[in-house]
Amino acid sequence: MLSYAARRIVRGGAVFIPLFLSVVLAITFFSGVLQGADAIGAAMLDRALMVSEFDIVSTAEGRNFTQLAIDEVMMRLRGLEGVRSVDHIIRIEAELNGSDAEASLTVIAVRSNSSLLGRVKGVEGLEAGKAYVEAGSVKASDFRIGENITLKISTWLPYSIVAGFEPRFCTLPVGGAVRIDEDLFSVATGRFPLLLRSVLLGAGPERRPPYRLLIISEETLLAFLDSIYSEGRLPTRVMRADLIISLDRKDLINPWSMEASEISVKRVFEGVNSAGAQYMYVPVNYLGQLLEVVRANSSGLRISTILVAMPVFFASWYLGMTVSDLALDMRRREVALLLTRGMRRRQVFKILVFEAILTGIMAGFSGLFMGWALTLTVLPNPGLSPPPLPSPATVSISLLLSVSLSTLSIYGPAHRAMKMNLVESLRGPYLSNSERVSWEGPLAALFLGGYKLAMLILGLNVDMFAPLTDNVVIFLLYSTWWGVDLILTYIGPILFLYGSIKLLIQLSKRFHDLIGRAAGLILGDISSISTLRAHRDLRRVASSTLLVAVV
């Protein structure tokens, strides 16, 4: 049976090609949506990765600097596979002595040999014993180069019965004004998650809120803290050590496989967590969160696009069913001969189904290739390598859909073919010149589709007509209207096309006569042959016109 079905496909191109094209249309769109969503996700991820180079930030808090064990933890992190670089900053809150109580500021300490100094613009390096004001800080112009400023930090006696709260002071000359980039600023002020969110939304970095930021070298901060520790005191406010970790993205991230990238990054993140757990470091996997958001957006794009594109699948099924019905009409004699030669009706039915399955498989692979080609030509260049061939999941789902569409298209016509009268079938193909279609279905489809199109064109929605009364009957009627309108949002246009084409073509031959007369002025008698064929194969003309309209 399988070999016979294959031979019929090869020899009967006129019957095979219409069903093949109808399924290819749907699979091209379906696989194109899946591959296009991956391409858009890859472009979104590439844009976000270009903005920020910080992947994981591990933070510990404490009042004693030595208990943070920064150097030991950094050495452990550098030994992890997948970690490209590790840097750190120290944050502590202080006040300007002699100013009002609201003049608190954040002091950022950066080691003199840190690569983060490349993100500090305005000076070549941080000189020990000097303070540098961030140029965007509130009242930054009040700090003049060479003037002394005094920082005040409240301290206490942790090992004494009396707390002994006293301030300690550190006087530093102003070394100049500097400006730090968005990445370092976001980490220093605790706004790094907001930076990533704005990047994903395509809005760019948000405007900086009012802030007071002072940058000093780590050596300067340690000298001040040593003077406090020598008295047996500790700062009342905790200091924060932020370990800024950049990963080897080229080895860990595959923009065309978000799930695999998430697993790779999570494995490195678990190593980072273990390396700093002894000293209470709490890491945040910003790169993992970024991958998760991009993957969720890609999945949402797939679902929403497929829902909106349901008319394409409907058109494919409708055209496939119609051409299958017509093909079996033309193969009536062939089916009857198979039955008279001893084959059972069930065997003939299986042959027809096998033909549909083979057609679906060939259409599925063709649609996958065309969807991949469309991804290259339709989508903007994301700045990445060309998308790889469709994943096994995409291939499996697309082939399942193509086989299902082709099988469903021929299932009903094949069942009807098995009920044909053998004597009548042996006389030859049957042409549907006496076919009649009721008015009720097309009129209902035209009305519902026209209603939704009118609502869209006029900019109206059901919520604008929400009743103000609490009447139960009115509420039920409004709820029904709201639900129907929601469904028509997706299928309204296709209902309009279906109803109008059915009424225009299948219920009226005058339209063909009019076109035939117009074409007769150019083509002559050939137009009458085309008109006669349209009269005989109205269903095929209707389905083909519907397909073209949807495309």
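For the sequence shown, position 336 (counting from the first letter as 1) is numbered 499 according to this note's numbering, and the numbering increases by one without interruption. All C-beta atoms in this analysis are idealised placements derived from N, C-alpha and C, irrespective of residue type, glycine included. Remember, predicted model here, so these are calculated numbers, not experimental data.
For residue i, which residues from the same chain have a beta carbon less than 6 Å from its beta carbon, with the 5 sequence-adjacent residues on both sides left out?
i      : result
Ile308 : Val337, Gly339
Tyr641 : Pro630
Ile416 : Ser424
Phe355 : Ser349
Phe387 : Cys333
For residue i, which of helix, strand or coil comes out of DSSP?
i      : result
Asn460 : helix
Arg400 : coil
Thr191 : helix
Pro372 : coil
Ala340 : strand
Trp535 : helix
Ile407 : strand
Leu631 : coil
Asp218 : coil
Glu224 : strand
Lys315 : strand
Thr334 : strand
Ala303 : helix
Thr468 : helix
Tyr322 : coil
Pro446 : strand
Thr352 : coil
Arg430 : helix
Leu243 : coil
Arg254 : strand
Val286 : coil
Between the C-alpha atoms of residue i and residue j, what's the straight-line distance to the nearest angstrom?
i      : j      : result
Phe332 : Glu216 : 36 Å
Met525 : Ser569 : 11 Å
Gly395 : Asn311 : 27 Å
Ile620 : Leu464 : 25 Å
Val286 : Leu376 : 16 Å
Ala291 : Arg274 : 10 Å
Phe192 : Ile466 : 13 Å
Glu258 : Ala266 : 6 Å
Lys293 : Asp414 : 41 Å
Phe659 : Phe517 : 34 Å
Ser300 : Asp405 : 21 Å
Leu208 : Val447 : 18 Å
Val214 : Ile650 : 41 Å
Tyr614 : Leu639 : 20 Å
Tyr449 : Gly622 : 41 Å
Ser437 : Ser529 : 49 Å
Met627 : Asn634 : 18 Å
Given a cut-off of 8 Å, decide if residue j and residue i are closer than it, judged by their beta-carbon atoms.
i      : j      : result
Thr269 : Arg254 : yes
Ser461 : Ser194 : no
Gly662 : Leu606 : yes
Leu182 : Thr557 : no
Tyr322 : Thr352 : no
Val435 : Leu240 : yes
Asp250 : Leu279 : yes
Ala223 : Tyr442 : yes
Gly534 : Val566 : no
Ser221 : Gly439 : yes
Ala577 : Leu515 : yes
Gly106 : Met421 : There is no way to answer for residue 106, as the model of the chain reaches only from 164 to 714.
Leu564 : Ile180 : no
Val428 : Leu243 : no
Ser342 : Ala272 : With the sequence shown as reference, residue 342 is identified as Arg, and Ser is not the correct amino acid for it. Cβ atoms of Arg342 and Ala272: not closer than 8 Å.
Ala608 : Ile573 : no
Met618 : Val511 : no
Between residue i and the rest of its own chain, which residues show a CB-CB distance below 7 Å, the 5 nearest in sequence each way excluded?
i      : result
Leu470 : Tyr653
Gly225 : Leu231, Val401, Met402
Val625 : Trp644, Trp645, Asp648
Asp715 : In the structure as shown, the chain begins at 164 and stops at 714. Residue 715 is therefore absent and cannot be evaluated.
Val296 : Ala303, Phe306, Val337, Ala340, Leu377
Glu256 : Ser267, Thr269, Arg400
Glu716 : As displayed, the chain neither begins before 164 nor continues past 714, which places residue 716 out of reach and without an answer.
Pro553 : Ser194, Gln198, Leu531, Trp535
Gly575 : Met484
With a threshold of 8 Å on Cβ separation, who are the neighbours of residue i within its own chain once the five nearest residues in sequence on each side are excluded?
i      : result
Arg370 : none
Gly288 : Ser275, Leu280
For residue i, decide whether its Cβ has a neighbour in chain C, counting only Cβ atoms nearer than 8 Å.
i      : result
Leu640 : Absence of chain C from the displayed structure is noted, only one protein chain being present.
Using a Cβ-based criterion (distance less than 7 Å to any ligand heavy atom), does residue i qualify as near the ligand ATP?
i      : result
Arg239 : As presented, the structure is devoid of all ligands, the ligand ATP included, so that no description of it is given.
Contact the region 309-324 vs the region 385-405: 3+ CB pairs below 8 Å: yes
The region 494-509 contacting the region 533-542, beta-carbon criterion three pairs below 8 Å: no
Cβ pair count under 8 Å reaching 3, the region 319-328 against the region 402-415: At 8 Å Cβ cutoff, the stretches do not touch.
Three-pair Cβ contact test at 8 Å for the region 382-394 versus the region 195-215: no
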